[in-house]
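Numbering of the sequence shown is given in our numbering, commencing with residue 1045 and proceeding in unit increments. Built from N, CA and C at the ideal position, the CB exists for glycine as well. All values derive from a computational prediction rather than experimental measurement. To keep things clear, I will list the structure first and then write my remarks on it.
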Amino acid sequence: MGEKKSGFVGVIGKANVGKSTLVNKIVGQKIAITSPKPQTTRKKARAVFTDERGQIVFLDTPGIHKSRSKLGDYMMSSAWSTFADADVVLWLVEPSDVFTDTEELICTKLGTLECPVILVINKIDTVSRDKLLEFISSYSAHMDFKEVVPISALKGKNVEELVNTVFEYLPEGEPFYDEDTVTDQPVKQIVAEIIREKSLMCLGEEVPHGLAVAVDSMKYEGNMYNIDATIYCEKDSHKGMIIGKGGSKLKEIGTKARPEIEELCESKVFLKLWVKVKKDWRDSDIQLKNFGFDKSQL
Ligand SMILES: Nc1nc2c(ncn2[C@@H]2O[C@H](COP(=O)(O)OP(=O)(O)OP(=O)(O)O)[C@@H](O)[C@H]2O)c(=O)[nH]1
Ligand SMILES: [Mg+2]
């Protein structure tokens, strides 16, 4: 066998196309939370895949969208900043997407890159073969891709082939992480994200974008983790919805989050959730920094 390969692969695309679902599928663990609601991912996260061929460090990014807040600005800077680190870029699209301003913008930015760009068409389980072929030719008319790979991240279809393709374009080099590493994210952050995911799952359309979760403390005591976490929202009315009648909603969120956190920590978990209002936090520089959305750290 030849030299090992290793490198960084930026996974970019519009919100909700399945970027996080794909990186989770590849590394076989939930690195990034997913949801049917757009703008789920807020920060860049590394998902590390290692095998005998070498190591791929996937950079899952926030979905490209028209930002309407300082948080949105941060998310977009975070997505675009990926290009600086990438050896290969995967542009993920879904077959329902027509070519809009957002696709134009992405295309223009991709056109300036020197690294190979692979078009990945996700959610092929939702379209016919004919539609897919039509779709591929409409995208190929706009840009010259190194490869076009149709997949279903959710069903795992063609995902192995995608990994093979990525390895072809990766430079030779030593791995960046040891072989057991799957992510660069601290456990506390993943715990907070799991709680946010379950909150997204349990709440209606009006609340999601204003949610943030912080783990206030996480202590291992008497064979279990005691975790205190706070769910932040932007309005008093949202606070009521998150708590629910007699605390029922909050209980539901906790009940859904706990088993996953236990699996992650390989330990029993006692989870205590709080809800607080932080008005307009998504447009406050100080609050954003407190939540770890710091542009200078990108
Ligand atoms: N049918 C189908 N649904 C999928 C597939 N991949 C992802 N999804 C769904 O698409 C939705 C969005 O998935 P995410 O992985 O959160 O998408 P994302 O691109 O990371 O979204 P943002 O973080 O908001 O940019 C979820 O409901 C997924 O279950 C797929 O291959 N087929
Ligand atoms: Mg995501």
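Should residue i go down as buried or exposed, given a rule of 16 or more other Cβ atoms within 10 Å for buried?
{"i": "residue 1131", "result": "buried"}
{"i": "residue 1302", "result": "buried"}
{"i": "residue 1276", "result": "buried"}
{"i": "residue 1157", "result": "exposed"}
{"i": "residue 1177", "result": "exposed"}
{"i": "residue 1019", "result": "Here the chain covers residues 1045 to 1342 and nothing more, so residue 1019 does not appear."}
{"i": "residue 1244", "result": "buried"}
May I ask you to list the residues that DSSP assigns as paired with residue i?
{"i": "residue 1320", "result": "1276"}
{"i": "residue 1054", "result": "1103 and 1133"}
{"i": "residue 1085", "result": "In DSSP, residue 1085 forms no bridge with anything."}
{"i": "residue 1227", "result": "1091"}
{"i": "residue 1221", "result": "DSSP lists no partner for residue 1221."}
{"i": "residue 1270", "result": "1263 and 1314"}
Could you have a look at residue i and say whether DSSP puts it in helix, strand or coil?
{"i": "residue 1095", "result": "strand"}
{"i": "residue 1060", "result": "coil"}
{"i": "residue 1238", "result": "helix"}
{"i": "residue 1157", "result": "coil"}
{"i": "residue 1313", "result": "strand"}
{"i": "residue 1049", "result": "strand"}
{"i": "residue 1066", "result": "helix"}
{"i": "residue 1361", "result": "Absent from the structure is residue 1361, since the part of the chain shown begins at 1045 and ends at 1342."}
{"i": "residue 1243", "result": "helix"}
{"i": "residue 1080", "result": "coil"}
{"i": "residue 1071", "result": "helix"}
By the DSSP assignment, the beta strand (DSSP E) with residue i in it spans what residues?
{"i": "residue 1161", "result": "1161 to 1165"}
{"i": "residue 1261", "result": "1256 to 1265"}
What span of residues does the alpha helix (DSSP H) with residue i cover, start to end?
{"i": "residue 1298", "result": "1292 to 1309"}
{"i": "residue 1331", "result": "1329 to 1334"}
In chain order, what are the residue ranges of uninterrupted alpha helix (DSSP H) at least 4 long that sit wholly in the stretch 1106 to 1155?
1114 to 1129 and 1145 to 1155
Taking the runs of the alpha helix (DSSP H) that are 4 residues or longer, which of them lie wholly in the stretch 1169 to 1219?
1173 to 1184 and 1203 to 1213
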